[in-house]
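Here the structure comes first, spelled out in structure tokens, and everything after it is commentary.
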Amino acid sequence: MKASSRLAAAGVLACTAVLALSAPALAHVSVQPEGEAAKGGYAVVDFRVPNESDTASTVKLEVSFPMDTPLASAMPEPVPGWTADVTKTKLDKPLELHGQKIDEAISKITWTATGKGVRPGFFQKFPVAMGALPEDAEQLVFKAVQTYSDDEVVRWIEVQQEGQEEPEKPAPVLTLSDAEEGHGHGSEASEEASGEPSDDASQAAATTNADAADSDSSDTTARVLGVVGIVVGAIGVAYGVLAGRRRTTT
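Take any residue in the sequence shown, note its place counting from 1, add 10, and you have its number in the working numbering.
See the structure below:
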């Protein structure tokens with residue numbers, strides 16, 4: 011095999027390895043908090059939806075909320091090019107939240123594209139302000155269904171079982187942190203429970219949205235630079251080995 015062919019083969023192997031390692035983390039529908047999601051508190055979280063199709067766009071996302079740990083409030087942030095429909099379900103056992111009886115909880119939010127949706131090669135964030143988060147749970151599982159413009163449906167509903175490998179289509183999981191000791195909700199919690207977030211909460215949500223956008227941009231740049239660096243390094247090593255062999259043979 012010629013030196014140029016060996017060098018090309020080394021480059022291909024390096025690229026394949028990098029893509030194989032990075033693909034699982036980027037392909038799943040996931041949920042991440044903007045800041046902190048503390049037990050008993052309120053949080054803004056992002057449902058992140060990548061497009062895995064080469065030819066079709068994502069045009070619909072349905073996220074089911076856990077009913078074993080129901081949430082009384084969930085307010086989606088407006089996303090350009092999408093509509094959001096919030097579904098509530100009556101509870102068999104009403105919740106008591108800040109002295110008020112809550113007899114229904116959020117069971118589903120459905121986003122539907124009014125335009126082209128999420129095109130191939132892109133992803134979309136769907137922010138939601140939610141609470142009060144349960145105090146006696148370590149995580150919340152949100153089962154999601156992703157629909158493409160060619161009618162393909164991908165169900166991200168498989169729950170990770172302890173001690174087992176990650177399922178092929180895992181459901182998004184929000185990990186809850188411990189509440190800070192002495193942290194109170196005060197008037198903010200009351201306003202959230204009535205469906206009207208406080209000025210401080212709105213300002214915090216706006217700030218975290220901007221920070222999240224900057225973070226996404228930085229993360230994407232870092233991934234690209236990291237991939238390029240690994241590939242270039244692998245090619246360089248391969249070239250050095252081949253050059254050394256050629257000098258030895260001559």
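Positions of the beta carbon are idealized from the N, C-alpha and C atoms, including for glycine. Computed from a predicted model, the values in this text were never measured in an experiment.
Status (buried if at least 16 other CB within 10 Å, exposed otherwise) for residue i
i, result
"Gln156", "buried"
"Val55", "buried"
"Thr185", "exposed"
"Phe152", "buried"
"Gly205", "Summary for Gly205: the model assigns pLDDT 49, below 50, so the residue's position carries little reliability; its value from the coordinates is reported in the next sentence. Exposed, because fewer than 16 other Cβ atoms sit within 10 Å of the Cβ of Gly205."
"Gln134", "buried"
"Pro43", "buried"
"Gly109", "exposed"
"Val169", "exposed"
"Phe57", "buried"
"Phe75", "buried"
"Pro90", "exposed"
"Phe132", "exposed"
Start-to-end residues for the beta strand (DSSP E) that takes in residue i
i, result
"Ser40", "40-43"
"Glu172", "Counting along the chain, Glu172 falls outside any beta strand (DSSP E), and DSSP gives it neither H nor E."
"Met85", "83-86"
"Tyr52", "Per DSSP, Tyr52 belongs to no beta strand (DSSP E) and is neither H nor E."
"Ala94", "92-107"
"Ala123", "110-123"
"Glu72", "68-74"
Nearest to residue i (by Cα), restricted to the options the options
i, options, result
"Glu145", "Pro90, Ser187, Pro86, Ser40", "Ser187"
"Gly141", "Thr124, Ala48, Lys135, Arg58", "Ala48"
"Met77", "Val39, Lys103, Arg58", "Lys103"
"Ala37", "Pro43, Glu162, Val59", "Val59"
"Pro180", "Glu190, Val164, Thr68", "Val164"
"Ala66", "Val96, Ser117, Gly127, Gln110", "Gly127"
"Lys111", "Glu72, Glu175, Leu101, Thr122", "Leu101"
"Ser159", "Ser117, Leu71, Glu176", "Leu71"
"Thr97", "Leu107, Ala139, Lys118, Leu105", "Lys118"
"Pro88", "Phe132, Asp113, Phe75, Thr122", "Thr122"
"Val39", "Glu190, Ala189, Pro177", "Pro177"
"Ala84", "Trp92, Ser63, Tyr52", "Tyr52"
"Glu162", "Asp64, Gly125, Gly45, Glu46", "Asp64"
"Glu46", "Leu143, Trp166, Leu105", "Leu143"
Distance between beta carbons of residue j and residue i, contact taken as under 8 angstroms
i, j, result
"Pro80", "Ala115", "3 angstroms"
"Val41", "Pro182", "4 angstroms"
"Val73", "Ala154", "5 angstroms"
"Ala82", "Leu107", "5 angstroms"
In DSSP terms, what residue i is bridged to
i, result
"Thr185", "Gln149"
"Ser159", "Looking at the DSSP assignment, Ser159 forms no beta bridge with any residue, so it has no partner."
"Pro137", "Asp56"
"Val178", "The question names Val, yet the displayed sequence has Glu at residue 178. The partner list for Glu178 (beta bridge, DSSP) is empty, contrary to what the question assumes."
"Thr154", "This sequence places Ala at residue 154; Thr is not what is there. Answer by DSSP bridge pairing, in chain order: Val73, Trp166."
"Val128", "Thr68"
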